[in-house]
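*Asks:*
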Amino acid sequence: MKARVLVTLKSAVLDPQGKAIEGALRSLGVPGVASVRQGKVFDVELDAADPAKAEATLKEACEKLLANTVIETYRIEFVG
Amino acid sequence: MKARVLVTLKSAVLDPQGKAIEGALRSLGVPGVASVRQGKVFDVELDAADPAKAEATLKEACEKLLANTVIETYRIEFVG
Amino acid sequence: MKSAVLVFPGSNREGDAARALTMITGSKPAMVWHAETALPAGTDLVVLPGGFSYGDYLRCGAIAGRAAIMDAVREHAARGGLVLGICNGFQILCESGLLPGVLVRNARLRFICREALLKVERNDTPFTRRYAKGAVVRFPVAHGEGNYTADVETLKRLEGEGRVVFRYVSPGGQRDDTQVLNGAANSIGGIVSEKLNVLGLMPHPENHVDPVVGPTDGRALFESIAGALERA
Amino acid sequence: MTSFEPKITPELVAEHGLKPDEYERILKLIGREPSFTELGIFSAMWNEHCSYKSSRLHLKGLPTKAPWVIQGPGENAGVIDIGDGQAAVFKMESHNHPSYIEPHQGAATGVGGILRDVFTMGARPIAALNALRFGDPKHPRTRHLVSGVVSGVGSYGNSFGVPTVGGLVGFHTRYDGNPLVNAMAVGLADADKIFYAKATGVGLPVVYLGSKTGRDGIHGATMASAEFGEGAEEKRPTVQVGDPFAEKLLLEACLEIMEAGCVVAIQDMGAAGLTCSAVEMGAKGDLGIELDLDNVPCRETGMSAYEMMLSESQERMLMVIAPGKEEQAEAIFRKWGLDFAIVGHTTDDLRFVVKHKGEIKADLPIKELGDEAPLYDRPWVETPKQQRIDPAALEISATIPGALERLIGSPDFASKRWIWEQYDYLILNNTAQRPGGDAAVVRVLDGPKALAMSCDVTPRYCEADPFEGGKQAVAEVWRNITAVGARPLALTDNLNFGNPEKPEIMGQLVGCLRGIGAAALALDFPVVSGNVSLYNETNGRGILPTPTIGGVGVLDDIDTMATLAFKAGGEVIFVVGETTGWLGQSAFLAEILDREEGAPPPVDLELERKNGDFVRALIDARLVTAVHDVSDGGLLVALAEMAMASGIGANLLAPEGINPHAYWFGEDQARYVITVASGEKAQVLRQAEIAGVTLSKIGATAGDRLNIPGERPIVIDALRERHEAWLPIYMGAGMM
Ligand SMILES: Nc1ncnc2c1ncn2[C@@H]1O[C@H](COP(=O)(O)OP(=O)(O)O)[C@@H](O)[C@H]1O
Ligand SMILES: [Mg+2]
Numbered sequence: 001m002k003a004r005v006l007v008t009l010k011s012a013v014l015d016p017q018g019k020a021i022e023g024a025l026r027s028l029g030v031p032g033v034a035s036v037r038q039g040k041v042f043d044v045e046l047d048a049a050d051p052a053k054a055e056a057t058l059k060e061a062c063e064k065l066l067a068n069t070v071i072e073t074y075r076i077e078f079v080g
Numbered sequence: 001m002k003a004r005v006l007v008t009l010k011s012a013v014l015d016p017q018g019k020a021i022e023g024a025l026r027s028l029g030v031p032g033v034a035s036v037r038q039g040k041v042f043d044v045e046l047d048a049a050d051p052a053k054a055e056a057t058l059k060e061a062c063e064k065l066l067a068n069t070v071i072e073t074y075r076i077e078f079v080g
Numbered sequence: 001m002k003s004a005v006l007v008f009p010g011s012n013r014e015g016d017a018a019r020a021l022t023m024i025t026g027s028k029p030a031m032v033w034h035a036e037t038a039l040p041a042g043t044d045l046v047v048l049p050g051g052f053s054y055g056d057y058l059r060c061g062a063i064a065g066r067a068a069i070m071d072a073v074r075e076h077a078a079r080g081g082l083v084l085g086i087c088n089g090f091q092i093l094c095e096s097g098l099l100p101g102v103l104v105r106n107a108r109l110r111f112i113c114r115e116a117l118l119k120v121e122r123n124d125t126p127f128t129r130r131y132a133k134g135a136v137v138r139f140p141v142a143h144g145e146g147n148y149t150a151d152v153e154t155l156k157r158l159e160g161e162g163r164v165v166f167r168y169v170s171p172g173g174q175r176d177d178t179q180v181l182n183g184a185a186n187s188i189g190g191i192v193s194e195k196l197n198v199l200g201l202m203p204h205p206e207n208h209v210d211p212v213v214g215p216t217d218g219r220a221l222f223e224s225i226a227g228a229l230e231r232a
Numbered sequence: 001m002t003s004f005e006p007k008i009t010p011e012l013v014a015e016h017g018l019k020p021d022e023y024e025r026i027l028k029l030i031g032r033e034p035s036f037t038e039l040g041i042f043s044a045m046w047n048e049h050c051s052y053k054s055s056r057l058h059l060k061g062l063p064t065k066a067p068w069v070i071q072g073p074g075e076n077a078g079v080i081d082i083g084d085g086q087a088a089v090f091k092m093e094s095h096n097h098p099s100y101i102e103p104h105q106g107a108a109t110g111v112g113g114i115l116r117d118v119f120t121m122g123a124r125p126i127a128a129l130n131a132l133r134f135g136d137p138k139h140p141r142t143r144h145l146v147s148g149v150v151s152g153v154g155s156y157g158n159s160f161g162v163p164t165v166g167g168l169v170g171f172h173t174r175y176d177g178n179p180l181v182n183a184m185a186v187g188l189a190d191a192d193k194i195f196y197a198k199a200t201g202v203g204l205p206v207v208y209l210g211s212k213t214g215r216d217g218i219h220g221a222t223m224a225s226a227e228f229g230e231g232a233e234e235k236r237p238t239v240q241v242g243d244p245f246a247e248k249l250l251l252e253a254c255l256e257i258m259e260a261g262c263v264v265a266i267q268d269m270g271a272a273g274l275t276c277s278a279v280e281m282g283a284k285g286d287l288g289i290e291l292d293l294d295n296v297p298c299r300e301t302g303m304s305a306y307e308m309m310l311s312e313s314q315e316r317m318l319m320v321i322a323p324g325k326e327e328q329a330e331a332i333f334r335k336w337g338l339d340f341a342i343v344g345h346t347t348d349d350l351r352f353v354v355k356h357k358g359e360i361k362a363d364l365p366i367k368e369l370g371d372e373a374p375l376y377d378r379p380w381v382e383t384p385k386q387q388r389i390d391p392a393a394l395e396i397s398a399t400i401p402g403a404l405e406r407l408i409g410s411p412d413f414a415s416k417r418w419i420w421e422q423y424d425y426l427i428l429n430n431t432a433q434r435p436g437g438d439a440a441v442v443r444v445l446d447g448p449k450a451l452a453m454s455c456d457v458t459p460r461y462c463e464a465d466p467f468e469g470g471k472q473a474v475a476e477v478w479r480n481i482t483a484v485g486a487r488p489l490a491l492t493d494n495l496n497f498g499n500p501e502k503p504e505i506m507g508q509l510v511g512c513l514r515g516i517g518a519a520a521l522a523l524d525f526p527v528v529s530g531n532v533s534l535y536n537e538t539n540g541r542g543i544l545p546t547p548t549i550g551g552v553g554v555l556d557d558i559d560t561m562a563t564l565a566f567k568a569g570g571e572v573i574f575v576v577g578e579t580t581g582w583l584g585q586s587a588f589l590a591e592i593l594d595r596e597e598g599a600p601p602p603v604d605l606e607l608e609r610k611n612g613d614f615v616r617a618l619i620d621a622r623l624v625t626a627v628h629d630v631s632d633g634g635l636l637v638a639l640a641e642m643a644m645a646s647g648i649g650a651n652l653l654a655p656e657g658i659n660p661h662a663y664w665f666g667e668d669q670a671r672y673v674i675t676v677a678s679g680e681k682a683q684v685l686r687q688a689e690i691a692g693v694t695l696s697k698i699g700a701t702a703g704d705r706l707n708i709p710g711e712r713p714i715v716i717d718a719l720r721e722r723h724e725a726w727l728p729i730y731m732g733a734g735m736m
């Protein structure tokens, strides 16, 4: 079973990478980008076939490790 | 207009980060994770309201900066 | 005094920390592998050294923050034992919940190795007793993710409780947020726990202890610890 | 399942970089048509990188011996005795092409490779250096390359935990499509505990250690093989990704099993991975090797024998383990979280046998794979000599201060702080001389001994006169090491050239090698390791000939170490050596007059030695307060660097009987600037007389400006600002 976990910064948290990218895009002459925020994506392959169990596993993975909930939020998506 | 850009490593490319996370999940006792690959996600806000134009802008941003097309592939998604 | 230096896969300044401790406190620390579940009996000081634990993949310090040994470190800290986290060690302390906040990529996104000036904001901690209050010291930094961030309330609390121990300053000794190396909130270089027994800092005092290789402003930090433990 | 393998066609042979006559050689050697896997093995063993087929003949002329040389060229790295039972282990290697394709990963894996070379020998890396050459700053790709290469070098070394203490960075349009990334590593080992690739003992396990094997870096024939393999859903990148974390674990694990006496032979898997490492271990030990690829830890599914044999996945090692030590070795590797697999054994039949899924994929004579590699005596022509430049014939409008300011702010001379501050140069707490000096100085253990190291070359000289340029590169490195007070002991070279099939290029290689050899011999500075990188060409135009030299020397007492910063006002400034005003191929000529012409400065090796020994003796006797060698940019640039490093200025004397521009900016060799406290002046003059060394007083330190009679004063702070400005502004202009 395949899943995707998206970890993004909470909106109140400063994102230096996003800021730098905005600046770089501007100086590269890419027009019309108002803002960029960078996050992480994890493509996870799971042994479980049961979606409920898979979801529980991923939740545990996020809470324990993948996201730092002080600054980040996460979202779990199932792909195919 | 909001868009999401997903940048992931091409499948044959070594992903040291994913590997380290797999190991960490294992030792944290999170069961049933067969493999993890880590990528980046960019949440982009665009001035353009025209989807075709927005797509063109994002493509340019990816090719020029967001993705390292030698080892990465990217995907553009429009969110709401 | 008995100190323990933790070693995680990917730690790389554990030797520097051990050398500084040995040189200044006169006793050699125990090197403790991350997979251990207990600290050596009678440990007074735990040092989390610099490096790239687990490659700093995922987030710096994240994986190490969840290592087996960290439960023992938490207990040690809860008992009032001293804990010093330097650079990656600071990152690990934040990730493990022993200190608030988090360290993210430097504002300019580049790794930076440079001598930095820091103001010693208080000298009533076990780590800073041998510095004058307000003294400006020179410690090197060597990090790519030293940009300290926390939410507004946490920052307010830290400042209100006077828990910022080291702050990056300009040569004049003034806090100067435009001069910071890494973009850290409030120019924070190091913070201490509520009970003052856990210190995390990004710069490397252990690399400025030996006149052969540079200034020696870091010595007093280790002397402070030794002194504090002697008195205790 | 019998895997399908492509037929051997002339096209396939060509795609493997083998010439028709080379293929004939293979047929004759094995008496039949090779299998696809065997063809891959031959292509790996017989390419330029592994076989040195174009350069081998000429490399033979290099002096490689001295009483202190423990291991010369031919192993993973050179080894020299530095006294007190300690050995320095070092080498330099290029990662030019990969760095052009993907600068960050290319440079990172270059650093990873050279570190592995050093710790394969049983040494713990204590320092890294890097020599970088980029194209014209105005070239559209240059900024991207600088940014990527520097972050790659830094990220790998920083994470691995080795201080990056020195290097060089140059720009020239001739590197536009061919940046050079030469990485050097220096390690420390007990002199009696060096490990080698040579296998001994029949029937011993051959063990695979480290990271898993993927399809990384399978070159040339990949396009062909991709059509046959599985999972070709996207165009396969041949880029290797470095994992410094894995390498750090590999280092610790390797040193631990070496210490535990488990290792008979060890070889890292670098270029052409498993193939080169296995063949070398067997061939050096006069043993056969049989590999069973079913046991190779793979990262990807369905890898063929061909792919496993040619994979260049990083952070891997091959070892022959001592009898009965397998379990202990395995436990150590598992503790570090690394793969450990027995993938074969040594045999007594001198065959290299590769098995996969019950099939024999290769069965080749192991010695001949290396020994019978083609060796070419390629035709070469000598580079035509150029005229000596007469300063009087030059039209110079720039004032001397104006020219200095322009030079010091130009890409080649501007401060490289923006770069080296991205490298951790302090870790291990032994860096006594940081980037910015003539040579880096790294304390050995707890001292007082230290190693001095430097890398250098002046490609402009090499192009104008390969022989003199080769000599000069060695002399300059020797001088840099001398200028901190150390005794130069040995060097490593990294020969970066264009296409050797062109007689002019081959002439550059031959000329430079002769020059390097002559200087190494005259200066007792033998070559103990090196690397050759050829075919650095774009659109038929070669790079400037760039034989980067990396040197190591020993400083017995770190307390005597000299630095280049002026120390105080009121001290006498002397120049050691003769100043004739040699402007041919000088930086002044190139940068200020936009002319890269003339004969480069000749190098008098006897004089180099005499002047260098003199300076070293002064340092040793603590008679000098600051020392800097005079290299490109000439006397005034050297003085400016000493002033900028300290904030102290100087009142300089006007030259007599010599064109002032040529005097201040000429690049005569074998020179040093030294400062002497006034009390020691007489003593120093006497020493010079005894040694027969030319010593000229050129001024005294004072104030915060450089004052040249008849010229406007040069304000040091302003000069420093210019010096520091160029690179950050350049790098900041386009990107983050
Ligand atoms: N790529 C680099 N990495 C680390 N240090 C560097 C690099 N490039 C230059 N440096 C350092 O900057 C200083 C000046 O370099 P350079 O101008 O090449 O010296 P030289 O006087 O020998 O010509 C040296 O200390 C050198 O080690
Ligand atoms: Mg020099």
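Protein chains in written order, with full-length UniProt numbering: chain A, 1 to 80; chain B, 1 to 80; chain C, 1 to 232; chain D, 1 to 736. Backbone N, C-alpha and C fix where the C-beta goes; we use that ideal spot for every residue, glycine too.
Note down the Cα distance separating residue 4 (chain C) from residue 53 (chain C), rounded to an integer number of angstroms.
*Replies:* Counted from its first residue, the third sequence places residue 4 (chain C) at position 4. Counted from its first residue, the third sequence places residue 53 (chain C) at position 53. When rounded, the distance between both Cα atoms is 17 Å.
*Asks:* Are the C-beta atoms of residue 55 (chain C) and some chain B residue less than 9 Å apart?
*Replies:* For the purposes of this step, residue 55 (chain C) is taken as residue 55 along the third sequence, with counting starting at 1. Closer than 9 Å to some Cβ of chain B, the Cβ of residue 55 (chain C) qualifies, so yes.
*Asks:* Compare the Cα-Cα distances from residue 62 (chain D) to each of D:648, D:655, D:116, D:521 and report the closest residue.
*Replies:* Within the fourth sequence, the letter at position 62 stands for residue 62 (chain D). The candidate whose alpha carbon is nearest that of residue 62 (chain D) is D:521.
*Asks:* Nearest-angstrom Cα distance between residue 420 (chain D) and residue 435 (chain D)?
*Replies:* For the purposes of this step, residue 420 (chain D) is identified with residue 420 of the fourth sequence, where counting begins at 1. For the purposes of this step, residue 435 (chain D) is identified with residue 435 of the fourth sequence, where counting begins at 1. If you take the alpha carbons of residue 420 (chain D) and residue 435 (chain D), they lie about 7 Å apart.
*Asks:* Using a Cβ-Cβ cutoff of 8 Å, what residues of the region 20–40 of chain B are near chain E? List them in chain order.
*Replies:* In summary, chain E is missing from the structure at hand, where the protein chains are A, B, C and D.
*Asks:* In the structure shown, what three-state DSSP assignment does residue 21 (chain A) receive?
*Replies:* Here residue 21 (chain A) refers to the residue found at position 21 of the first sequence. Residue state, collapsed to three classes: helix.
*Asks:* Answer with buried or exposed for residue 438 (chain D), where buried requires no fewer than 16 other C-beta atoms within 10 angstroms of its C-beta.
*Replies:* In the fourth sequence, residue 438 (chain D) corresponds to position 438, counting from 1. With 16 or more other Cβ atoms within 10 Å, it is buried.
*Asks:* Looking at chain A, is there any beta carbon in it that lies within less than 9 Å of the beta carbon of residue 194 (chain C)?
*Replies:* Locating residue 194 (chain C) in the third sequence gives position 194, counting from the first residue. Output row for residue 194 (chain C): interface = no.
*Asks:* Measuring alpha carbon to alpha carbon, tell me which of D:722, D:629, D:566 ends up nearest residue 646 (chain D).
*Replies:* Within the fourth sequence, residue 646 (chain D) is the residue found at index 646, counting from 1. Of D:722, D:629, D:566, the residue nearest in Cα terms is D:566.
*Asks:* Can you pull the chain D residues whose beta carbon is under 8 Å from the beta carbon of residue 19 (chain C), in chain order?
*Replies:* Against the third sequence, residue 19 (chain C) aligns to sequence position 19. Per Cβ cutoff of 8 Å: 429.
*Asks:* Excluding sequence positions up to five away, which residues of its chain have a Cβ less than 8 Å from the Cβ of residue 623 (chain D)?
*Replies:* By one-based count along the fourth sequence, residue 623 (chain D) stands at place 623. 676, 680, 683, 684, 687, listed in sequence order.
*Asks:* For residue 355 (chain D), report the span of its beta strand (DSSP E) as first-last.
*Replies:* For the purposes of this step, residue 355 (chain D) is taken as the residue at position 355 of the fourth sequence. Its beta strand (DSSP E) spans residues 351–356.
*Asks:* Closer than 9 Å, CB to CB, is residue 58 (chain C) near chain B or not?
*Replies:* To locate residue 58 (chain C), count along the third sequence from 1; it is residue 58. Interface residue, yes.
*Asks:* How is residue 231 (chain D) classed by DSSP in three states: helix, strand or coil?
*Replies:* As a first step, residue 231 (chain D) must be located in the fourth sequence, where it is residue number 231. Only weak support exists for where residue 231 (chain D) lies, its pLDDT of 40 falling under 50; the value from the coordinates is given anyway. Coil at residue 231 (chain D), not helix or strand.
*Asks:* Is residue 100 (chain C) close to chain A? Criterion is C-beta to C-beta, closer than 9 Å.
*Replies:* Taking the third sequence and counting its residues from 1, one reaches residue 100 (chain C) at position 100. Judged by the 9 Å Cβ criterion, residue 100 (chain C) is in contact with chain A.
*Asks:* Assuming the contact rule is C-beta atoms closer than 8 Å, residue 223 (chain C) and residue 130 (chain C) should be a hit. Round their C-beta distance to whole Å, please.
*Replies:* Counted from its first residue, the third sequence places residue 223 (chain C) at position 223. Counted from its first residue, the third sequence places residue 130 (chain C) at position 130. That belief holds up - the Cβ atoms of residue 223 (chain C) and residue 130 (chain C) are roughly 5 Å apart, short of 8 Å.
*Asks:* Which residues, in chain order, does the region 3–19 of chain C contribute to contact with chain D at a C-beta distance below 9 Å?
*Replies:* Result list: 9, 10, 11, 12, 13, 15, 16, 19.
*Asks:* Mind checking if residue 10 (chain A) is an interface residue toward chain B, Cβ cutoff 9 Å exclusive?
*Replies:* Taking the first sequence and counting its residues from 1, the one referred to as residue 10 (chain A) is at position 10. No, its Cβ sits nowhere closer than 9 Å to a Cβ of chain B.
*Asks:* Would you say residue 468 (chain D) and residue 365 (chain D) are within 9 Å of each other, going by their C-beta atoms?
*Replies:* Position 468 of the fourth sequence, counted from the start, is the residue given in the question as residue 468 (chain D). Position 365 of the fourth sequence, counted from the start, is the residue given in the question as residue 365 (chain D). Result no, Cβ atoms of residue 468 (chain D) and residue 365 (chain D) do not sit closer than 9 Å.
*Asks:* Would residue 318 (chain D) and residue 202 (chain D) qualify as a contact pair, given that the criterion is a beta-carbon distance under 9 Å?
*Replies:* Along the fourth sequence, read from residue 1 onward, the residue named residue 318 (chain D) stands at position 318. Along the fourth sequence, read from residue 1 onward, the residue named residue 202 (chain D) stands at position 202. Not a contact, by the Cβ cut-off of 9 Å.
*Asks:* Exposed or buried, what is residue 26 (chain A) when buried is set at 16 or more other beta-carbons lying within 10 Å of its beta-carbon?
*Replies:* In the first sequence, the residue the question calls residue 26 (chain A) occupies position 26. It is exposed - the Cβ of residue 26 (chain A) has fewer than 16 other Cβ atoms within 10 Å.
*Asks:* May I ask which residues mark the beginning and end of the beta strand (DSSP E) holding residue 2 (chain B)?
*Replies:* Position 2 of the second sequence holds residue 2 (chain B). Counting along the chain, the beta strand (DSSP E) containing residue 2 (chain B) begins and ends at 2–9.
*Asks:* Distance cutoff 9 Å, beta carbons only. Does residue 110 (chain C) sit that close to anything in chain B?
*Replies:* Taking the third sequence and counting its residues from 1, one reaches residue 110 (chain C) at position 110. No, residue 110 (chain C) lies away from the interface with chain B (no Cβ there is under 9 Å from its Cβ).
*Asks:* Rounded to the nearest angstrom, what separates residue 648 (chain D) and residue 158 (chain D) at their Cα positions?
*Replies:* As a working note, residue 648 (chain D) is residue 648 in the fourth sequence. As a working note, residue 158 (chain D) is residue 158 in the fourth sequence. In a straight line, the C-alpha of residue 648 (chain D) is about 33 Å away from that of residue 158 (chain D).
*Asks:* Could you check whether the Cβ of residue 51 (chain B) sits closer than 9 Å to any Cβ belonging to chain C?
*Replies:* Indexing the second sequence from 1 puts residue 51 (chain B) at position 51. Taking Cβ atoms only, chain C never reaches closer than 9 Å to residue 51 (chain B), which makes this a no.
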